[in-house]
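Residues in the sequence shown are numbered from 105 upward in steps of one, following our numbering.
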Amino acid sequence: MFDESEHYELFLTLLSQIHKKYALEIHAYCLMSNHFHLMVRPRELYLSDALRCLTSRYVKETNKLKMIDGPLVRGRFKSKLILTDEYLLQVAKYIHLNPVKAFIVKNPVDYRWSSYGAFLDANNSSAWLSTEFLLGYFGEESEIARKKFRVFVEQKESKDGQHGEPIPNYKSSAVLIHSEQCAIELPIRKIVRAARESFHIENKSLQSQFDRKSNLRRDIVIYLVKMHCRATLTQIGEYFGIKRTAVSDAVRRARVEVESNHELKKQYDQLSRAILADDVRDNEPDS
């Protein structure tokens with residue numbers, strides 16, 4: 105996927121453009137020779153569109169450089185929703201240690217094509233890379249936070265599998281997306297069934313207009329589908345019997361409610377974990 109330095113540089117240039125075009129927060133990355141890892145947070149609804157645009161443009165531009173034609177990226181993206189602080193930090197560590205685990209370098213700071221150097225030295229950062237959020241877990245003072253982050257990433261596991269001292273500044277549940285090559289798509293009906301059971305609602309009410317409480321629940325279900333499924337807004341609209349624009353509006357309303365209501369946020373996070381853990385059966389007929 106990446107054969108020359110100019111290929112890595114091209115990908116990062118395109119990543120910076122995608123960041124701006126799709127309002128995509130980029131919190132960490134690592135480019136390996138045959139794959140890449142990103143930790144991102146979408147501020148809009150179109151994460152899959154952003155990643156598809158990124159890879160398609162990269163393939164097109166790289167093929168021009170190589171004077172060849174054909175796919176460089178196979179499969180779809182694998183996406184994992186990060187709902188806890190502990191998992192967030194472990195994913196950041198995992199991403200930056202990829203070159204070490206692949207025996208490319210002994211220390212992650214020596215690997216050029218990751219965001220690790222930007223976390224250790226602000227002079228190595230780019231305007232499109234957001235390091236402040238992760239560093240915020242390690243302290244308010246920048247230099248101290250950078251040193252603690254380096255210790256966290258580079259410290260070895262103890263014999264009992266622990267990673268050393270815990271990070272004290274845990275925040276409320278973070279919602280980020282960790283994305284890499286090849287995707288697993290969850291069926292819409294599986295997500296809807298899980299949400300129906302959690303919110304105690306009838307399937308027919310998802311295609312109807314009731315009071316505000318019922319409409320909010322439907323918005324939440326649509327939001328869950330959008331966050332966990334690769335379906336387009338049009339496809340989601342067809343499933344729920346509403347227009348594409350109505351899906352977009354429902355997602356925005358639900359996101360505001362989830363972020364402002366602690367109990368609803370807790371229920372949403374628990375349901376998201378269950379969906380991602382594949383705890384919801386998909387062998388029952390829709391009612």
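Where a beta carbon is used, it is the ideal one built from N, C-alpha and C, also for glycine.
All figures in this text were calculated on a predicted structure; none of them were measured in a lab.
Residues near residue i by beta carbon distance below 8 angstroms, same chain, minus five either side
{"i": "Glu361", "result": "Leu320, Asp323, Ile324 and Leu368"}
{"i": "Leu118", "result": "Leu158, Arg161, Tyr162 and Glu165"}
Reduced DSSP category for residue i - H, G, I as helix; E, B as strand; rest coil
{"i": "Arg145", "result": "strand"}
{"i": "Ser229", "result": "coil"}
{"i": "His282", "result": "For His282, the pLDDT reaches just 43, beneath the cut-off of 50, and the residue's location in the model is therefore unreliable, leaving the point undetermined."}
{"i": "Tyr215", "result": "coil"}
{"i": "Lys347", "result": "coil"}
{"i": "Cys157", "result": "helix"}
{"i": "Ile208", "result": "coil"}
Beta-carbon contacts of residue i that lie in its chain and below 7 angstroms, excluding the five residues immediately before and after
{"i": "Ser120", "result": "Ser230 and Trp232"}
{"i": "Phe237", "result": "His131"}
{"i": "Tyr112", "result": "Phe106, Leu135 and Trp217"}
{"i": "Asn202", "result": "Cys134, Met136 and His141"}
Local Cβ density within 10 Å of residue i, reported as buried at 16 or more and exposed below that
{"i": "Phe207", "result": "exposed"}
{"i": "Gly341", "result": "buried"}
{"i": "Ser160", "result": "exposed"}
{"i": "His304", "result": "exposed"}
{"i": "Ala154", "result": "buried"}
Anticipated Cβ contact below 8 angstroms, residue i with residue j, distance rounded
{"i": "His200", "j": "Val255", "result": "13 angstroms between Cβ atoms; not a contact."}
{"i": "Ala378", "j": "Ala298", "result": "6 angstroms"}
{"i": "Phe115", "j": "Tyr162", "result": "5 angstroms"}
{"i": "Leu375", "j": "Ser302", "result": "5 angstroms"}
{"i": "Met143", "j": "Ala196", "result": "6 angstroms"}
{"i": "Ile393", "j": "Val329", "result": "The structure shown does not extend to residue 393, since the chain is modelled only from 105 through 391, so no value can be given for it."}
Own chain partners of residue i with C-beta closer than 6 angstroms, once the 5 adjacent residues on each side are dropped
{"i": "Val204", "result": "Pro212"}
{"i": "Lys125", "result": "none"}
{"i": "Thr349", "result": "none"}
Q. Three or more beta-carbon pairs under 8 angstroms between the stretch 210 to 221 and the stretch 242 to 249, yes or no?
A. no
Q: Check whether the stretch 245 to 253 touches the stretch 161 to 170, taking contact to mean three or more Cβ pairs, one atom from each stretch, closer than 8 angstroms.
A: no
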